[in-house]
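Peer 1: Got a structure here, written out as structure tokens. Questions coming.
This is the structure:
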């Protein structure tokens with residue numbers, strides 16, 4: 001029915017492993033075929049997983065990301081280390097159509113994904129703790145103010161810019177703040193490398209590489225009009241705004257990605273799990289499970305969400321965890 005959002009997936013107890021998803025081999029990187037309810041369930045389950053929990057990392061892959069990964073074994077290894085890799089942009093849909101005959105079922109646009117997750121948490125009354133790391137000085141701070149204004153009871157427990165803080169300093173500050181969600185806006189491939197090196201030692205539940213999200217959320221950089229976004233031409237709008245910075249990425253990178261799409265050989269698609277890494281961490285126990293008596297109440301809210309959800313109609317294609 002037009003205008004009716006998809007049913008909310010129920011939250012099932014975690015059994016210690018992330019679910020497995022079908023994936024497409026995109027230039028050597030397994031990109032999961034997910035729909036929005038799949039990702040939302042993955043995210044909510046991680047928030048409610050028993051502590052200690054290994055930080056789950058989420059990479060959003062677009063044509064530029066995969067061009068960088070194709071040219072750099074180190075960048076490719078950082079992306080492959082992620083718990084989950086999702087498609088972002090029309091380039092990945094073109095790839096999937098040409099290589100498998102079908103596009104990805106949902107476009108996880110980087111600038112829309114995090115606001116939507118925050119909105120879901122706010123709608124459920126989840127007291128999510130968020131840390132922002134990256135962008136130029138001042139931009140993450142403004143993004144933090146807007147998050148707390150627009151998504152209460154979500155709170156920002158820390159902010160660091162990406163220019164004046166070393167990796168070790170950032171890791172210590174983030175771990176001390178103990179966020180549930182870490183947003184890393186250092187740009188590609190730096191943010192993926194940082195997450196691969198540091199996220200396993202953090203007590204955050206989820207870390208997401210968000211690129212220029214803080215620039216958009218702070219109002220420092222304009223988003224494309226809705227009509228342009230609906231046509232999936234936001235990349236063209238950004239190129240018009242920042243031709244010097246983005247010319248090589250699009251004018252050279254797009255044809256290069258198409259050439260790589262047509263000439264790539266090892267494996268067209270795979271049913272191998274896109275993620276099957278253990279949820280449990282080797283970190284010492286030091287944080288109660290969300291929803292424990294001395295916690296801020298995720299568990300009770302998530303339990304109500306599970307009870308109210310229409311699980312049989314959610315369309316979730318998540319394999320059983322094991």
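Residue numbers (full-length UniProt numbering): 1 to 322. Glycine included, every Cβ here is placed at the ideal spot set by N, Cα and C. Model, not experiment: these values are computed from the prediction.
1. Report buried or exposed for residue 252, applying the criterion of at least 16 other Cβ atoms within 10 angstroms of its Cβ.
2. Residues in its own chain within less than 6 Å of residue 233 by CB, not counting five upstream and five downstream?
3. Can you tell me the Cβ-Cβ gap for residue 70 and residue 189, rounded? I've got them flagged as a contact below 8 Å.
4. To the nearest angstrom, how far is the alpha carbon of residue 212 from that of residue 32?
5. Considering just the uninterrupted stretch of the alpha helix (DSSP H) at residue 77, what are its terminal residues?
6. Assuming residue 97 and residue 29 are in contact, meaning their beta carbons sit under 8 Å apart, how far apart are those beta carbons, in whole angstroms?
7. Can you check whether the CB of residue 204 is closer than 9 Å to the CB of residue 182?
8. Could you give the DSSP three-state label for residue 129: helix, strand or coil?
9. Report the three-state DSSP secondary structure of residue 155 (helix, strand or coil).
10. Considering only DSSP beta bridges, list what residue 202 is partnered with.
11. Should residue 210 and residue 158 be called a contact, given that it needs their Cβ atoms to be closer than 9 Å?
12. Who does residue 87 pair with in a DSSP beta bridge?
13. At the level of alpha carbons, what is the spacing between residue 18 and residue 58?
14. Can you give the Cα-Cα distance for residue 130 and residue 241, rounded to whole angstroms?
15. I need the straight-line Cα distance from residue 86 to residue 113, nearest angstrom please.
16. Distance, Cα to Cα, residue 217 vs residue 185?
17. To the nearest whole angstrom, what separates the beta carbons of residue 104 and residue 118, a pair I think is in contact under 8 Å?
18. Tell me whether residue 64 is buried or exposed, calling it buried when 16 or more other Cβ atoms sit within 10 Å of its Cβ.
19. Considering only the beta carbon of each residue, do residue 90 and residue 67 sit closer than 9 Å?
20. Beta-carbon within less than 7 Å of residue 136's beta-carbon, same chain only, minus the 5 sequence neighbours each way: which residues are those?
21. Near residue 239, what residues of its chain come up, given a Cβ to Cβ distance below 6 Å and the 5 sequence neighbours on each side ignored?
22. Classify residue 38 as helix, strand or coil using the three-state DSSP reduction.
23. Starting from residue 185, follow the beta strand (DSSP E) in both directions and report where the run begins and ends.
Peer 2: Concretely, from the data shown:
1. As a first step, residue 252 must be located in the chain shown, where it is residue number 252. Counting Cβ neighbours within 10 Å, residue 252 comes out exposed, since fewer than 16 surround it.
2. Position 233 of the chain shown, counting from 1, holds the residue named residue 233. Cβ within range, chain order: n/a, list empty.
3. Taking the first residue of the chain shown as position 1, residue 70 is located at position 70. Taking the first residue of the chain shown as position 1, residue 189 is located at position 189. Going by Cβ atoms, the distance from residue 70 to residue 189 rounds to 11 Å, so no, they are not a contact pair.
4. Here residue 212 corresponds to residue number 212 of the chain shown, with the count starting at 1. Here residue 32 corresponds to residue number 32 of the chain shown, with the count starting at 1. About 22 Å.
5. Along the chain shown, one-based indexing puts residue 77 at 77. Where residue 77 is concerned, the enclosing alpha helix (DSSP H) stretches over 73 to 80.
6. As a working note, residue 97 is residue 97 in the chain shown. As a working note, residue 29 is residue 29 in the chain shown. Not confirmed; about 17 Å, so no contact.
7. The residue given as residue 182 occupies position 182 in the chain shown. The residue given as residue 204 occupies position 204 in the chain shown. Cβ atoms of residue 182 and residue 204: closer than 9 Å.
8. Taking the chain shown and counting its residues from 1, one reaches residue 129 at position 129. In the structure shown, residue 129 sits in a strand (DSSP, three-state: E or B).
9. For the purposes of this step, residue 155 is taken as residue 155 along the chain shown, with counting starting at 1. Reduced to three states, the DSSP call for residue 155 is strand.
10. Taking the chain shown and counting its residues from 1, the one referred to as residue 202 is at position 202. According to DSSP, residue 202 bridges with nothing at all.
11. If you number the chain shown from 1, residue 210 lands on position 210. If you number the chain shown from 1, residue 158 lands on position 158. Not closer than 9 Å, so no.
12. As a working mapping, residue 87 is identified with position 87 in the chain shown. Partner(s): 61.
13. Counting from one through the chain shown, the residue named residue 18 turns up at place 18. Counting from one through the chain shown, the residue named residue 58 turns up at place 58. The C-alpha of residue 58 is placed about 12 Å away from the C-alpha of residue 18.
14. The count along the chain shown starts at 1 and reaches residue 130 at position 130. The count along the chain shown starts at 1 and reaches residue 241 at position 241. Their Cα atoms are separated by approximately 30 Å.
15. The residue you call residue 86 lines up with position 86 of the chain shown. The residue you call residue 113 lines up with position 113 of the chain shown. Residue 86 and residue 113 have their C-alpha atoms roughly 11 Å apart.
16. Start at 1 with the first residue of the chain shown, and residue 217 comes out as number 217. Start at 1 with the first residue of the chain shown, and residue 185 comes out as number 185. Approximately 12 Å, taken between the alpha carbons.
17. Counting from 1 along the chain shown, the entry for residue 104 is found at position 104. Counting from 1 along the chain shown, the entry for residue 118 is found at position 118. At roughly 23 Å, the Cβ-Cβ gap does not stay under 8 Å, so residue 104 and residue 118 are not in contact.
18. Against the chain shown, residue 64 aligns to sequence position 64. That one is buried.
19. For the purposes of this step, residue 90 is taken as residue 90 along the chain shown, with counting starting at 1. For the purposes of this step, residue 67 is taken as residue 67 along the chain shown, with counting starting at 1. Their beta carbons are not under 9 Å apart, which means residue 90 does not touch residue 67 by this criterion.
20. Along the chain shown, read from residue 1 onward, the residue named residue 136 stands at position 136. Taken in chain order, the residues that qualify are 161 and 163.
21. Here residue 239 refers to the residue found at position 239 of the chain shown. So the qualifying residues of the chain are 246 and 250.
22. Mapped onto the chain shown, residue 38 falls at position 38. It is helical.
23. For this step, residue 185 is matched to residue 185 along the chain shown. Residues 181 to 185.
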